[in-house]
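> Before I ask anything, here is the structure I am working with.
There are 2 protein chains.
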Amino acid sequence: MATRGQRTNRRADALSKQRIVDTAVEILDTEGESALTFRVLAARLETGSGAIYWHVADKGELLAAAADDVIARVLAVPVGDAEPAAAIRAVALGIFDAIDARPWVGTQLGQAPGQLAVLRIYERIGGRLEGLGVPEKALFFAASALVNYILGVAGQNAANARLAVPGGDRSAFLAAVAARWTEQDPADYPFAHRVAAQLADHDDREQFLAGIDLVLAGITTLG
Amino acid sequence: MATRGQRTNRRADALSKQRIVDTAVEILDTEGESALTFRVLAARLETGSGAIYWHVADKGELLAAAADDVIARVLAVPVGDAEPAAAIRAVALGIFDAIDARPWVGTQLGQAPGQLAVLRIYERIGGRLEGLGVPEKALFFAASALVNYILGVAGQNAANARLAVPGGDRSAFLAAVAARWTEQDPADYPFAHRVAAQLADHDDREQFLAGIDLVLAGITTLG
DNA sequence: ACCTGAACACCGTTCAAGT
DNA sequence: ACCTGAACACCGTTCAAGT
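These protein sequence lines map, in sequence, to chains L and X. Count along the first sequence from 1, add 2, and you get the number used in my numbering. Count along the second sequence from 1, add 2, and you get the number used in my numbering.
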């Protein structure tokens, strides 16, 4: 993200969890998930790889902290006093955009549930549900439907990003996926053939929002 | 001629992709995701680790094939001529149960979109949407809302299974998650505090189905 | 208390060599 | 064509030793 200037040979400050996480995010953002190893992280921090373990339990905690950092920042922007449905859409869209920009966050969210980041998302989404007329008893499962949908899209998008060629354009990628759908036997996969064109054409962000709206429409039904 | 003939345990049959995948599934099921390595797989198959690469491109393909095998089997059971909503619920529940029994399938589905298994799910779900009165133009995104929700739950459940202690009971695990929610500041996380009890009490399967019903209710809105 | 970096116990994958 | 298994190029993590 933020381009850093020339790096002196001396560490600016002592090692800390925050500095480690910041550097990890930087590597993740610029070089991708597979580039983050304790060796390159240590080199970038000008320390030994073992030093990192003084501040962070293991790689899982590091990844969780990195994802949480990003999500916390995204959710920090105030939604104002928009009406509940609009606020939920805005929050969801913010998460989508963050994941779209950083696929590694999607990977992380898709597979770490106890995580603080997921709790943050539940809080921001769930907090608006009452305003939507959701009865007290249904609050948790209504929130869970929205959150699981968001996390599902997050995981799929991250995987897509991992699959796509770094430079390649998106419509070519979608065309390739659509082609795999249509190369199946139409007798076994009639639906796949029927919607392949829609798959090839669709806009991810728009489709994501449409899904949110669908769940919201269902939730309104609960009132 | 060096008498090297003490191959007492002669293999029952030649190596094949199917036999490799079957053995991988066996290891995944009994020993878990982390136990599947090319070394133990080769040992179990009484061959060299390099031999596997003659039949399978890499570990990613192996995992994808294993997950696809399971999903194909799950989707093979006929739903009969139930009405569309009931059929979709049945299909979704079948997938949920399969993932609950084999968390590694959830991990795999949550992060491999181009996969045949995901296409199969789209087909089975999507094929019933028309009967629900979904207009042609909305078929793909309606299916995608359902599938992404399912895959989101799949990923979270798999991650939960990875986190939980193998022998530990489920209510203790949920209580621990709920405790992490309530240990946050109530001023920052009012929703978390409010629904922590629901989180601790809920039944995963029931909650999953409730989410499906919510999306279905939203989809009915499109008619 | 915090850091160093070699060492340990693994991985997935390749490939010359065999049949 | 198919299989073998040693070798390669990595990993995350530990830990005795330093400051």
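Glycine residues also receive a C-beta, built at the ideal position from the N, C-alpha and C atoms.
Excluding sequence positions up to five away, which residues of its chain have a Cβ less than 8 Å from the Cβ of Leu141 (chain X)?
Taking the second sequence and counting its residues from 1, the one referred to as residue 141 (chain X) is at position 139. Counting only Cβ-Cβ distances below 8 Å, and skipping sequence neighbours, we find Gly128, Leu131, Glu132.
> Cα separation between Asn159 (chain X) and Glu63 (chain X)?
Counting from 1 along the second sequence, the entry for residue 159 (chain X) is found at position 157. Counting from 1 along the second sequence, the entry for residue 63 (chain X) is found at position 61. Their Cα atoms are separated by approximately 22 Å.
> For Glu85 (chain L), which residues from the same chain have a beta carbon less than 8 Å from its beta carbon, with the 5 sequence-adjacent residues on both sides left out?
Taking the first residue of the first sequence as 1, we reach residue 85 (chain L) at position 83. Counting only Cβ-Cβ distances below 8 Å, and skipping sequence neighbours, we find Gly133.
> Tell me which residues share the same chain as Leu153 (chain L) and place their Cβ nearer than 7 Å to its Cβ, disregarding the 5 neighbours each side in the sequence.
As a working note, residue 153 (chain L) is residue 151 in the first sequence. Leu111, Gly112.
> Excluding the 5 residues flanking Ala68 (chain X) on each side, which residues of the same chain have their C-beta closer than 7 Å to its C-beta?
Counted from its first residue, the second sequence places residue 68 (chain X) at position 66. The answer, listed in chain order, is Val23, Ala26, Val27, Leu30.
> Leaving aside the five residues before and after Ser136 (chain L) along the sequence, list all residues of the same chain whose C-beta is less than 7 Å from its C-beta, in chain order.
Walking along the first sequence from the start, residue 136 (chain L) turns up at place 134. Ser is not the amino acid found at residue 136 (chain L); the sequence shown has Val there. Once the five neighbours on either side are set aside, the close Cβ partners of Val136 (chain L) are Ala144, Ile221, Leu224, Gly225.
> From the DSSP output, in three-state form, read off Thr222 (chain X) for me.
For this step, residue 222 (chain X) is matched to residue 220 along the second sequence. For Thr222 (chain X), the secondary structure class from DSSP, reduced to helix, strand or coil, is helix.
> Using a threshold of 8 Å, state whether the C-beta atoms of Leu218 (chain L) and Ile97 (chain L) are closer than that.
Against the first sequence, residue 218 (chain L) aligns to sequence position 216. Against the first sequence, residue 97 (chain L) aligns to sequence position 95. No. Outside cutoff.
> Restricting to Cα atoms, I'd like to know which of X:Lys19, X:Ser36, X:Gly52 is closest to Asp71 (chain X).
Here residue 71 (chain X) is taken as the residue at index 69 of the second sequence, counted from 1. Cα-wise, what sits closest to Asp71 (chain X) is X:Lys19.
> Spatial neighbours of Ala180 (chain L) within its chain, please: C-beta separation below 8 Å, excluding the five flanking residues on both sides.
Counting from 1 along the first sequence, the entry for residue 180 (chain L) is found at position 178. Cβ neighbours of Ala180 (chain L) beyond the five flanking positions: Ala198, Ala199, Leu201, Ala202.
> Contact criterion: CB-CB distance below 8 Å. Does Gly154 (chain X) meet it with respect to chain L?
Residue 154 (chain X) sits at position 152 when you count from the first residue of the second sequence. Between Gly154 (chain X) and chain L, the shortest Cβ-Cβ separation is below 8 Å.
> How long is the line joining the alpha carbons of Asn11 (chain X) and Glu33 (chain X), rounded to whole angstroms?
Translated into the one-based positions of the second sequence, residue 11 (chain X) becomes position 9. Translated into the one-based positions of the second sequence, residue 33 (chain X) becomes position 31. With a pLDDT of only 36 at Asn11 (chain X), under the threshold of 50, the placement of this residue in the model should not be trusted; the figure read from the coordinates follows. Looking at the two C-alpha atoms, the distance is approximately 23 Å.
> Under 8 Å, do Leu121 (chain X) and Ala194 (chain L) count as touching if we go by C-beta distance?
Residue 121 (chain X) sits at position 119 when you count from the first residue of the second sequence. Residue 194 (chain L) sits at position 192 when you count from the first residue of the first sequence. In this structure, Ala194 (chain L) lies closer than 8 Å to Leu121 (chain X) by Cβ.
> Along chain L, in chain order, which residues have C-beta atoms closer than 9 Å to that of Trp106 (chain X)?
Along the second sequence, one-based indexing puts residue 106 (chain X) at 104. None at all; the shortest Cβ gap to chain L is about 12 Å.
> Taking C-beta pairs closer than 7 Å, name the residues in chain L that Val179 (chain X) reaches, listed in chain order.
Here residue 179 (chain X) refers to the residue found at position 177 when the second sequence is read from its first residue. What Val179 (chain X) touches in chain L, judged by beta-carbon distance under 7 Å, is Gly116, going in chain order.
> For Ile214 (chain L) versus Ala94 (chain L), is the C-beta distance shorter than 8 Å?
Position 212 of the first sequence, counted from the first residue, corresponds to residue 214 (chain L). Position 92 of the first sequence, counted from the first residue, corresponds to residue 94 (chain L). Taking 8 Å as the Cβ cut-off, Ile214 (chain L) and Ala94 (chain L) qualify as a contacting pair.
> Using only the alpha-carbon positions, how far apart do Ala45 (chain X) and Trp106 (chain X) sit?
Along the second sequence, one-based indexing puts residue 45 (chain X) at 43. Along the second sequence, one-based indexing puts residue 106 (chain X) at 104. Rounded to the nearest angstrom, the two C-alpha atoms are 21 Å apart.
> Would you mind sorting Ser146 (chain L) into buried or exposed? The rule is 16 or more other CB atoms within 10 Å of its CB.
Here residue 146 (chain L) refers to the residue found at position 144 of the first sequence. Buried is the call here.
> If contact means a Cβ-Cβ distance below 9 Å, which residues of the stretch 207 to 218 of chain X contact chain L?
Glu208, Gln209, Phe210, Ala212, Gly213, Ile214, Asp215, Leu216, Val217, Leu218
> Is Ile221 (chain X) close to chain L? Criterion is C-beta to C-beta, closer than 8 Å.
The residue given as residue 221 (chain X) occupies position 219 in the second sequence. Cβ-Cβ to chain L under 8 Å: yes for Ile221 (chain X).
> What would DSSP say about Tyr191 (chain L), mapped onto helix, strand or coil?
If you number the first sequence from 1, residue 191 (chain L) lands on position 189. Tyr191 (chain L) falls in the coil class under three-state DSSP.
> If contacts are defined as beta-carbon pairs under 8 Å, then Val227 (chain X) and Phe210 (chain X) qualify, I think. What distance do you get, rounded to the angstrom?
In the structure displayed, chain X extends from 3 to 225; residue 227 (chain X) sits before or after that span and is not available.
> Which chain X residues sit within Cβ distance under 9 Å of His204 (chain L)?
Taking the first sequence and counting its residues from 1, one reaches residue 204 (chain L) at position 202. Correct list: Phe142, Phe143, Ser146.
> Would Thr184 (chain L) pass as an interface residue toward chain X - the criterion being a Cβ-Cβ separation below 8 Å?
On the first sequence, position 182 is the one that residue 184 (chain L) refers to. Chain X, which has no Cβ nearer than 8 Å to the Cβ of Thr184 (chain L), makes this no.
> Would you mind sorting Glu185 (chain X) into buried or exposed? The rule is 16 or more other CB atoms within 10 Å of its CB.
For this step, residue 185 (chain X) is matched to residue 183 along the second sequence. Its Cβ having fewer than 16 others within 10 Å, Glu185 (chain X) is exposed.
> Please work out which residues of its chain come closer than 8 Å, Cβ to Cβ, to Val79 (chain X), disregarding the five sequence neighbours upstream and downstream, and give them in chain order.
Walking along the second sequence from the start, residue 79 (chain X) turns up at place 77. If we look at Val79 (chain X) and ignore the five residues flanking it on each side, its Cβ neighbours are Gly96.
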